[in-house]
Ligand SMILES: Cc1ncc(COP(=O)(O)O)c(C=O)c1O
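Numbering (the numbering used here), first residue to last: 139 to 527.
#1: Just to confirm my understanding: we take residue 290, look at its own chain, exclude 5 residues before and 5 after, and list those with CB closer than 8 Å. What are they?
#2: Taking the Cβ atom as the reference point for each residue, do residue 245 and residue 268 lie within a distance shorter than 9 Å?
#3: Is residue 243 near ligand 1, judged by its Cβ being under 8 Å from some heavy atom?
#4: Ordered along the chain, which non-local residues of its own chain (more than five positions away) have a Cβ less than 6 Å from that of residue 214?
#5: Between which two residues does the beta strand (DSSP E) harbouring residue 296 extend?
#6: Between the Cα of residue 278 and the Cα atoms of 285, 284 and 261, which residue gives the shortest distance?
#7: For ligand 1, I want to know if residue 377 counts as a neighbour, meaning its beta carbon is within less than 8 Å of at least one of the ligand's heavy atoms.
#8: Specify the secondary structure class of residue 267 as computed by DSSP and reduced to three states.
#9: Under DSSP, the alpha helix (DSSP H) around residue 317 begins and ends at which residues?
#10: Given this structure, state the Cα-to-Cα distance separating residue 430 from residue 366, to the nearest angstrom.
#11: Going by DSSP, what residues sit across from residue 370 in a beta bridge?
#12: Compute every distance between the C-beta of residue 175 and the non-hydrogen atoms of ligand 1, then say whether any falls below 8 Å.
#13: Quick check on the DSSP output: what are the complete beta strand (DSSP E) runs of length 3 or more inside the stretch 444-492, in order along the chain?
#14: Could you check whether residue 384 and residue 324 sit closer than 9 Å to each other, using their CB atoms as the reference points?
#15: Let me know the secondary structure DSSP gives residue 208 once reduced to three states.
#16: Less than 9 Å between the C-beta atoms of residue 295 and residue 258, yes or no?
#17: Is residue 418 near ligand 1, with its Cβ less than 8 Å from a heavy atom?
#18: State the start and end residues of the unbroken beta strand (DSSP E) segment that holds residue 504.
#19: Look up residue 145 in the DSSP assignment and say whether it is helix, strand or coil.
#20: Answer yes or no: do residue 504 and residue 176 have a C-beta to C-beta separation smaller than 9 Å?
#21: Measure the beta-carbon distance from residue 532 to residue 524 and round it to whole angstroms, keeping in mind my assumption that it falls under 8 Å.
#22: On the CB-based measure, 16 or more other CB atoms within 10 Å of its CB, does residue 158 come out buried or exposed?
#23: Assuming the contact rule is C-beta atoms closer than 8 Å, residue 306 and residue 281 should be a hit. Round their C-beta distance to whole Å, please.
#24: Shorter than 8 Å, the distance from the beta carbon of residue 181 to the closest heavy atom of ligand 1, or not?
#25: CB residue 243 to CB residue 407, shorter than 9 Å?
#26: Given the structure, does residue 255 come close to ligand 1, in the sense that its CB is under 8 Å from one of the ligand's heavy atoms?
#27: Less than 6 Å between C-beta atoms, sequence neighbours within five positions excluded: which residues of the same chain meet that for residue 233?
#28: What are the partner residues of residue 281, as DSSP defines its beta bridges?
#29: Start and end of the alpha helix (DSSP H) containing residue 406?
#30: With 16 as the cutoff for other CB atoms within 10 Å, does residue 485 come out buried or exposed?
#31: Any heavy atom of ligand 1 closer than 8 Å to the beta-carbon of residue 410?
#32: Of the residues 453, 509, 475 and 270, which one's Cα is nearest the Cα of residue 148?
#33: So if DSSP puts residue 309 in a beta bridge, which residue, or which two residues, is it bridged to?
#34: Could you give the uninterrupted runs of the beta strand (DSSP E) lying entirely in the stretch 166-207, keeping only those of 3 residues or more?
#35: Hey, would you say residue 415 sits closer than 9 Å to residue 224, going by beta carbons?
#36: Using 9 Å as the threshold, is the C-beta distance between residue 506 and residue 240 below it?
Here it is in structure tokens:
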């Protein structure tokens, strides 16, 4: 006998990458040397100071116990100082900053902290799939809003049905945007804040990419006037500090929102391993040169990724922020998987099909820059050969 899973899981499938990574592992076991240009998993190390702090703290005998649910005061101060130095935004480290074990868990905590069963949640299409699954897991209902290429992947807020807006409680936004690479702008954030106040919607900006290949000053939703009343922001050291495996994220915002989220978090996890907190504190002081060096590596890789996209006759903008390239495929393909599956099985290169981010991604592919120049060159060579170029 097998006990039935919860009904809410009917909407949730295994995460696309989880299934695809299994397939890639199988192909590799059959002797194929698959180059994975799919997932955004930074392959470069964190700063030396980060590793040293982590290792030295781990060597101490008294650093291995449970930790505070809200992190050490030093970590919270480090996060608040990072926000000040990076975005010129001030938060009280005692009450307006909450460390997380990666921002992904924050998406789930926020959903559980603010949503009642049946509440409507506004989710970008295309967008990070976790917003949708976290909504279902909280028993709420996702309502997808269109991001529009003509509008630089910003939504047309006035095209969302007024009835839905009156029922919506939470809205996910993600600028700089993944998967489209759109940077967003303050004028849009200001419009969004007026909109959120009018319809009494909590807006969460998910902001893990603002330091990666950013064009201008790193953006935060808190650059817009009035954000604190209706906005919170997730951030993460996964991409910006090459610490994806260590699971270090944060949520910043008004104390009332932080306190509510802590009610969920403190009942789910048991704090961040102290050596990881020490590593995070060191990482948060990485200087601009460290960030520039990381971006220079991504820039060189991006040049080769552009060549891959050109070989595939894709159309795309070179103004994208973050560690991915998002590009439209040629009209001649019936669907994007015709292309990505052919490239996987005939050129041994995995590229993400855009449909996994929603229906508006159905004619797009996403290439990750988290592979070495050598691998990207080899992927280019294989794809050129496949298409006889
Ligand atoms: C848009 C977006 N948000 C959140 C995350 C989660 O990041 P982490 O949990 O590593 O902080 C990712 C990771 O790929 C992402 O692309």
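Where a beta carbon is used, it is the ideal one built from N, C-alpha and C, also for glycine.
Note that the coordinates shown come from a computational prediction; the quantities given were computed from them, not determined experimentally.
Taking the definition as stated:
#1: 320, listed in sequence order.
#2: Cβ distance < 9 Å, so residue 245 and residue 268 count as in contact.
#3: Relative to the non-hydrogen atoms of ligand 1, the Cβ of residue 243 comes within a distance shorter than 8 Å of at least one.
#4: Once the five neighbours on either side are set aside, the close Cβ partners of residue 214 are 231 and 235.
#5: Counting along the chain, residue 296 falls outside any beta strand (DSSP E), and DSSP gives it neither H nor E.
#6: If we check each option's Cα against that of residue 278, 261 comes out closest.
#7: Result yes, Cβ under 8 Å from ligand 1.
#8: If DSSP states are grouped into helix, strand and coil, residue 267 belongs with coil.
#9: Per DSSP, residue 317 belongs to no alpha helix (DSSP H) and is neither H nor E.
#10: About 30 Å.
#11: According to DSSP, residue 370 bridges with 342 and 391.
#12: The answer is no for residue 175.
#13: DSSP runs (the beta strand (DSSP E)) wholly in the stretch 444-492: 462-466.
#14: No; because the gap between Cβ atoms is not below 9 Å, this pair is not in contact.
#15: The three-state secondary structure of residue 208, taken from DSSP, is coil.
#16: Result no, Cβ atoms of residue 295 and residue 258 do not sit closer than 9 Å.
#17: Within 8 Å of the C-beta of residue 418 there is not a single heavy atom belonging to ligand 1.
#18: Its beta strand (DSSP E) spans residues 502-506.
#19: Note: residue 145 maps to helix in three-state DSSP.
#20: One thing to note: residue 504 has its Cβ within 9 Å of the Cβ of residue 176.
#21: Lying outside 139 to 527, the shown extent of the chain, residue 532 is not represented and no answer is given.
#22: Taking all protein chains in view, the Cβ of residue 158 is crowded by 16 or more other Cβ atoms within 10 Å, so the residue is classified as buried.
#23: With a Cβ gap of about 7 Å, residue 306 and residue 281 count as contacting.
#24: No; taking the cut-off as 8 Å, the Cβ of residue 181 has no heavy atom of ligand 1 nearer than that.
#25: Yes, the Cβ-Cβ distance between residue 243 and residue 407 is below 9 Å.
#26: Ligand 1 has no heavy atom closer than 8 Å to the beta-carbon of residue 255.
#27: In chain order, 393 place their CB closer than 6 Å to the CB of residue 233, counting only its own chain and leaving out the 5 sequence neighbours on each side.
#28: Residue 281 is bridged by DSSP to 260.
#29: Looking at the DSSP string, residue 406 is not in any alpha helix (DSSP H), and its letter there is neither H nor E.
#30: It counts as buried.
#31: For ligand 1, not one heavy atom lies less than 8 Å from the Cβ of residue 410.
#32: Comparing alpha-carbon positions, the option among 453, 509, 475 and 270 lying closest to residue 148 turns out to be 270.
#33: According to DSSP, which records beta bridges pairwise, residue 309 is partnered with 260 and 341.
#34: If we require 3 residues or more, the stretch 166-207 turns out to have no beta strand (DSSP E) run fully inside it.
#35: No; because the gap between Cβ atoms is not below 9 Å, this pair is not in contact.
#36: Remark: C-beta atoms of residue 506 and residue 240 do not approach each other more closely than 9 Å.
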